[in-house]
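Data block below; observations after.
4 protein chains.
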Amino acid sequence: MLNIGVIGAGRIGAIHAANVAASPKARLTWVCDPVPGAAARLAEFGARASLDPAEVIAADDVDAIVVCSPTPTHVGLILAGVEIGKAVLCEKPVDLDSDRARECQQAVEAAAGKVMIGFNRRFDPTFAQVHARLRDGEIGKIEQLTIVSRDPSAPPVSYIAQSGGIFRDMTIHDFDMANFFLGPIETVLALGQNVVDPQIAEAGDSDAAVVLLKAASGAVGTIINSRRCAYGYDQRLEAFGSLGMLEGRNQHATSVALSTSTFSQAANRVQDFFLQRYAEAYRLELDAFIEAVAGNGEFSPSLADGVAALALADAALESSKTGLAVAPVGGIAEATG
Amino acid sequence: MLNIGVIGAGRIGAIHAANVAASPKARLTWVCDPVPGAAARLAEFGARASLDPAEVIAADDVDAIVVCSPTPTHVGLILAGVEIGKAVLCEKPVDLDSDRARECQQAVEAAAGKVMIGFNRRFDPTFAQVHARLRDGEIGKIEQLTIVSRDPSAPPVSYIAQSGGIFRDMTIHDFDMANFFLGPIETVLALGQNVVDPQIAEAGDSDAAVVLLKAASGAVGTIINSRRCAYGYDQRLEAFGSLGMLEGRNQHATSVALSTSTFSQAANRVQDFFLQRYAEAYRLELDAFIEAVAGNGEFSPSLADGVAALALADAALESSKTGLAVAPVGGIAEATG
Amino acid sequence: MLNIGVIGAGRIGAIHAANVAASPKARLTWVCDPVPGAAARLAEFGARASLDPAEVIAADDVDAIVVCSPTPTHVGLILAGVEIGKAVLCEKPVDLDSDRARECQQAVEAAAGKVMIGFNRRFDPTFAQVHARLRDGEIGKIEQLTIVSRDPSAPPVSYIAQSGGIFRDMTIHDFDMANFFLGPIETVLALGQNVVDPQIAEAGDSDAAVVLLKAASGAVGTIINSRRCAYGYDQRLEAFGSLGMLEGRNQHATSVALSTSTFSQAANRVQDFFLQRYAEAYRLELDAFIEAVAGNGEFSPSLADGVAALALADAALESSKTGLAVAPVGGIAEATG
Amino acid sequence: MLNIGVIGAGRIGAIHAANVAASPKARLTWVCDPVPGAAARLAEFGARASLDPAEVIAADDVDAIVVCSPTPTHVGLILAGVEIGKAVLCEKPVDLDSDRARECQQAVEAAAGKVMIGFNRRFDPTFAQVHARLRDGEIGKIEQLTIVSRDPSAPPVSYIAQSGGIFRDMTIHDFDMANFFLGPIETVLALGQNVVDPQIAEAGDSDAAVVLLKAASGAVGTIINSRRCAYGYDQRLEAFGSLGMLEGRNQHATSVALSTSTFSQAANRVQDFFLQRYAEAYRLELDAFIEAVAGNGEFSPSLADGVAALALADAALESSKTGLAVAPVGGIAEATG
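Chains as they are written, first to last, in this note's numbering: chain A, 1 to 337; chain B, 338 to 674; chain C, 675 to 1011; chain D, 1012 to 1348.
Listed below in structure tokens is the structure:
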């Protein structure tokens, strides 16, 4: 049984805390949040509450921490955990600053720290199966990858302002998937759009974007994002290879179809948002982390994967501003997995 | 080049005349209809018009006739054609009276006549492929066959009155498909319904029905019919076997899908009616007939198939009135094809 | 918080025990099974184990019991629970003998007992939505209902022998759905098949069947069953009405599609079996039971529903043996819900 | 009745000749091809054959010409036809040289010539319906357009060498669709790939490509091309708007689905190639041309549309070589239709 402390009791923290509590392989021992009462709300799972991350990290009954606190705290908490030998599962992104993230990576590697980054989509059963069957050769060599990722609705501008912008906050998931499927990326081309919310434009960010990624292998990835999608949480992926295509399609809560005088085969809305769509992915991600701590499998996605995705985000931001193809800095390492 | 005369210039006659005219293997030489002017309307295809079927059947430039006239004339025209050695493609049903149909069959067989019955659905590329793949063993031995066949809207009651009723007029197609897929049928159970048009009930007919067919092989067929279908011409078939299932699904004129805030993946209406849904089937049926005349392949569906389908219709009608399982009279010969 | 004792620690008992344990509205206090150690296996959920149902029913910390024991024990446990005022959720069927089931129903009604029967499919989100939208008038008045229900593989013949046969054991779920969708059934026609396992035929049972149900409303229901299905757990339902059709389609664990040189849009297998397909239905069923005990909503499906489904099973069995249309005994009450 | 001469008796010429012959509104009077015997092969449709385009254009019984000859002859034939008042339907592209195409456009406009360019996909019933429903506001304002267009297999390198390359030969169709859906394009970003055939790389061309188009409206188009596609002719389009998404999906020759122990719902291959996929589009295109000559509707897609698509091809080629975002020269006029 792995004793786990969850740091950050917000929306993602609640997911991880519930999954830890439900896992037959782990015990939720601590929940930490600086907001008084926030951690206690998760106490129904039997954990102790704390206002101070340091207390949690140092606790004897904490073998591993799950970091769900705001992005600026990630690097500090990772390093604090690694320093005293605790395993760390940290939410994305590593940091908004690529240099700081790379320094963190170097420090962790120097200390042989056990760190995994929470790119949950790698664990989604549908996308994971597409990846596995691609690796098994079902469609030959991958040549074109198309990722569509659209959120149901844009977050408030106040969130946008401190999120690092669409590429570091939202596309970062897709950059990791591109690294996961395509390997090292050599060139990034990005077009930002402002079509959703004028306040986002005023805040200097895009609210939709299309990004092209040219891989060292010759394959090209396309990422299509929007902060708003009328029909729900649009999460699709197409891997096109020399022998065929593997698609990960949208998912629906039920399988009802309606036929009437004006149309046939109308299905329900797609899944609403990530809590529904990726519920199983979060469970499987935690399980992979627990297994890695137990010595079964790698800490993957690794901190290096987190840094590589961030490098693509930086390159996309620069390309969207300059109209130039941009090479990502240091992002050309092969993704784990 | 086969010289063909079309007898009957109604809706089905027009389809056959156009297909004959467009075939590189046949020439439309005559069109016949007792209604003055009706045959002439099809003269655009270059054929001569006649009011008298006997003139057409006897014409030197007629090698084969396509019989599209009202049902009571079918037997007479088949026999007239066979008598002087002309090949005959006759629309279904052979006759409304099974005894008369069987006598016709015996006379044709005695004369070694060349007669094919127009069960067009056997030639539908989708259903034909399901049949071929079933015969190829893709789903093992067939155990259950489900046919859904619903017309967009009911014909006028005046038509119903002389059509022989739902089982002989509409279900007859499905009975032939059941013979085609399941082989000899031993027992028929039928439930008639009156849910569409009270006038049809007053005329003594059902306007919807479900029929069960137990085959000698042990397989069971289910036919689900309705005279009215809000979403178009519902034409589906499921063959369930020991190793899997083959489905022939509905078809749509376009492949547009719409996703909105209330649903996703709405497709267009299904194909409207048999002229659209079975256009290709009529072409392929004519082609099979032309090839059979040329000695390439059988005259299939045969007159015996027409008689066998009629026997199932009679049995279904009796079962729907008595609530008893009924054995079809003489309908147990193996279907051709 | 409702204190619940689960009686029977087999496959279904384990599902219910886990759902009780996970429910925020209930506490699993006892698990009972006469096999030594069986109940204790479910003790991980924190309940006490017992070999004696009477001990559990009588326990102060048991407000309600969930009956998952073998069918012959159902009536006795229902009556024992009702006698001392405990609420009962009992797995289907009520009993294999309709007379005994009806006597139980009368006794429970006389005692105003709180009893619900575990027809879990009514709670399946897909089928429940079809039902709700039908009631909302989206497809007008229902005219034809088609239920396909096929198990992945047949149970051992030893199970068949004491199960009451395919109609009372397997089709019973579909009979309840037919009652739920169509209201009172007047006539039953059934065809049994033996196509799966010769041992089942030797044991005197069918291993596939098709059943027609004529409702008092004029609608017709068709049920298509098989004990073996190569592609998984085939669970579908089509409600056809005057204005359109609502379908509940099969479900898949993932949404991966493959296109290759020989085919396109291959999806994964359908869900394997009822544990996966109806996991959510079991949760929602338990929740409805807990709410009914709390006075929010009816105990539905009721014991009367259980008796009505059994009457259809008896009628189907008789029809399959005689080839006659059979009226169900006393099964014409309107289903609850 | 419009008298039409077809110039060029290759693959596309044969399609147009057959459609003219079958049209109730037109008569095929001449077919021209410099290869002896080539034109005569189409004489089965009743037209006269010629080796000399000038003879056909000048013929009294030619009101309009359909230009299906090699690209370098297009401008000359357009101008020759316009000069003596004949209407012209010319296959794409107008020319491989944008300057020459623009001069042609100016000359035709000065002469008020009647010229239409054969961008057949605008007439595809599926894509045309997506466009019409977008214009009707079903998905609000378009924000992202994704076009997937992949050929079954690459043409021989000898063809590539004189085709103008992937952007002018293949993507040109998609550029016209982008103009049709998005209006004026301001910026083009392109990534060429070499993944299919090394000989194409040696010939200096790409054999796969992804292109981004930023429209003046703020919308972004993405075009994904490949010269080879294992599963057939992949022709899809997604229009994403503020209120939803309209998709034009792939099409299949039949609607057969197979379910087995390893997968379910495998459909057949998609349509093989453009002759099948766009057969109806070619018919509707010809019909629109005939109607425009009769004064019913515009000559659309216009010569200006042909020039605009060419400008995007030039920009894409430059971008793919430089890695820079490129503004198309003079390609910013609103597309017709």
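Note that the Cβ used here is the ideal one computed from N, Cα and C, for glycine as well.
These figures come from a predicted structure and were not determined experimentally.
{"query": "Out of curiosity, what's the CA-to-CA distance linking R378 of chain B and L623 of chain B?", "result": "21 Å"}
{"query": "Kindly indicate if chain A contains any beta-carbon less than 8 Å away from that of Y568 of chain B.", "result": "yes"}
{"query": "For D1063 of chain D, count neighbouring Cβ atoms within 10 angstroms of its own Cβ and tell me buried if that reaches 16, exposed if not.", "result": "exposed"}
{"query": "To the nearest whole angstrom, what separates the beta carbons of I758 of chain C and A732 of chain C, a pair I think is in contact under 8 Å?", "result": "7 Å"}
{"query": "Write down the C-beta distance between L640 of chain B and I454 of chain B rounded to the nearest angstrom, noting that I regard them as a contact closer than 8 Å.", "result": "6 Å"}
{"query": "Can you round the beta-carbon distance between A1037 of chain D and I1301 of chain D to whole angstroms, since I take them to be within the 8 Å contact cut?", "result": "5 Å"}
{"query": "Going by DSSP, which residues form a beta bridge with D1063 of chain D?", "result": "DSSP, once it has assigned bridges, lists no residue as partnering D1063 of chain D."}
{"query": "In chain order, what residues of the same chain lie with their CB nearer than 7 Å to the CB of D1353 of chain D, ignoring the 5 residues before and after it?", "result": "Since the first residue shown for chain D is 1012 and the last is 1348, residue 1353 of chain D is missing from the structure and cannot be characterised."}
{"query": "For G142 of chain A versus D174 of chain A, is the C-beta distance shorter than 8 Å?", "result": "A small correction: the amino acid at residue 142 of chain A is Ile; Gly does not occupy that position in the sequence shown. In this structure, D174 of chain A does not lie closer than 8 Å to I142 of chain A by Cβ."}
{"query": "Whose C-beta lies closer than 8 Å to the C-beta of Y282 of chain A among residues of the same chain, with five residues either side of it excluded?", "result": "I15, H16, N19, N120 and F123"}
{"query": "In chain order, what are the residue ranges of uninterrupted alpha helix (DSSP H) at least 4 long that sit wholly in the stretch 1251-1321 of chain D?", "result": "1285-1288 and 1290-1304"}
{"query": "Based on DSSP bridge pairs, tell me the residues matched to T483 of chain B.", "result": "B:T559 and B:E575"}
{"query": "Name, going along the chain, the residues of the stretch 312-325 of chain A whose beta-carbon falls closer than 7 Å to a beta-carbon of chain D.", "result": "G323, L324 and A325"}
{"query": "Which residues of the stretch 1213-1225 of chain D have a Cβ closer than 7 Å to any Cβ of chain A? Give them in chain order.", "result": "A1219, V1221, L1223 and K1225"}
{"query": "Taking DSSP's pairing of strands, which residues face N3 of chain A in a bridge?", "result": "A:R27"}
{"query": "Which runs of the alpha helix (DSSP H) fall wholly inside the stretch 82-151 of chain A and span at least 4 residues, in chain order?", "result": "98-110 and 125-135"}
{"query": "Less than 8 Å between CB atoms is the rule here; does V1017 of chain D satisfy it with respect to chain A?", "result": "no"}
{"query": "Considering only residues of the same chain and omitting the five flanking positions on each side of L528 of chain B, which have a CB-CB separation below 7 Å?", "result": "A546, V547 and S657"}
{"query": "Pop quiz: V67 of chain A and G8 of chain A are said to be a contact at Cβ under 8 Å. What is the actual Cβ separation, rounded to whole angstroms?", "result": "7 Å"}
{"query": "Need the endpoints of the alpha helix (DSSP H) that L661 of chain B sits in, please.", "result": "L661 of chain B -> no alpha helix (DSSP H), and no H or E assigned at all."}
{"query": "Tell me where the beta strand (DSSP E) around L189 of chain A begins and ends.", "result": "I185 to Q193"}
{"query": "Short check: CB of L856 of chain C to CB of L887 of chain C, under 8 Å?", "result": "yes"}
{"query": "Going by CA-CA distance only, name the one from D:V1086, D:E1102 and D:D1162 that's closest to R1111 of chain D.", "result": "D:V1086"}
{"query": "May I have the straight-line CA-CA distance separating A1121 of chain D from V1067 of chain D, to the nearest angstrom?", "result": "24 Å"}
{"query": "Taking any Cβ of chain B, which residues in the stretch 249-278 of chain A have a Cβ under 9 Å from it, in chain order?", "result": "N250, H252, A257, L258, S259, T260, S261, T262, F263, S264, Q265, A266, A267, N268, R269 and V270"}
{"query": "Can you list the residues of chain B that V1141 of chain D reaches, using a CB-CB cut of under 8 Å?", "result": "V593"}
{"query": "According to the Cβ coordinates, are N1205 of chain D and I1211 of chain D closer than 8 Å?", "result": "yes"}
{"query": "Which residues bound the beta strand (DSSP E) around V67 of chain A?", "result": "A64 to V67"}
{"query": "Confirm, please, whether the CB-CB distance from G1016 of chain D to I1076 of chain D is below 8 Å.", "result": "yes"}
{"query": "Taking 8 Å as the threshold (beta carbon to beta carbon), is S579 of chain B in contact with chain C?", "result": "yes"}
{"query": "To the nearest angstrom, report how far apart Q945 of chain C and S242 of chain A are at their CA atoms.", "result": "30 Å"}
{"query": "Name, going along the chain, the residues of the stretch 1133-1160 of chain D whose beta-carbon falls closer than 8 Å to a beta-carbon of chain B.", "result": "P1136, T1137, Q1140, V1141, R1144, E1149 and I1150"}
{"query": "Quick check: the Cα distance between A940 of chain C and G140 of chain A, rounded to an integer number of angstroms?", "result": "17 Å"}
{"query": "Looking at chain E, is there any beta carbon in it that lies within less than 8 Å of the beta carbon of M1 of chain A?", "result": "This model lacks chain E altogether, as its protein chains are A, B, C and D."}
{"query": "State buried or exposed for D1071 of chain D, treating a residue as buried only when at least 16 other CB atoms are found within 10 Å of its CB.", "result": "exposed"}
{"query": "Closer than 8 Å, CB to CB, is I846 of chain C near chain B or not?", "result": "no"}
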